[in-house]
Amino acid sequence: MKLTDSVLRSFRVARVFCENSEKINCFDFSPNGQTVISSSNDDSIVLYDCQEENNLYYSCDVL
726 MKLTDSVLRS
736 FRVARVFCEN
746 SEKINCFDFS
756 PNGQTVISSS
766 NDDSIVLYDC
776 QEENNLYYSC
786 DVL
């Protein structure tokens, strides 16, 4: 699929991630696209399951 302007305009929000309470610094998908990890200024790291629409792990501890 070629990403033209009209294709990009047709994209819609599929999911809203709201576990982080401050600005997200990093957000990355797993190679298979089933999980997403995020880290934010609130010192939290959240691992989401994209298929089940819930978080798998949530931590406020600084690693």
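Numbering-wise (the working numbering), the sequence shown opens with residue 726 and increments by one. Virtual Cβ for every residue (Gly too), placed ideally from N, Cα, C. Since we're looking at a predicted model, the values are computed, not measured.
Judged by pairs of C-beta atoms under 8 Å, the segment 757-772 touches the segment 732-746, as three or more such pairs exist. Valine 732 is classed as exposed because its beta carbon has fewer than 16 other beta carbons within 10 Å across all chains shown. Shown here, serine 755 sits in coil according to DSSP, grouped into three states, outside any helix or strand.
For aspartate 730, the enclosing alpha helix (DSSP H) has its first and last residue at 730-735. Around aspartate 753, the same chain offers Ile762 as residues with beta carbons nearer than 6 Å, after the five sequence neighbours per side are excluded.
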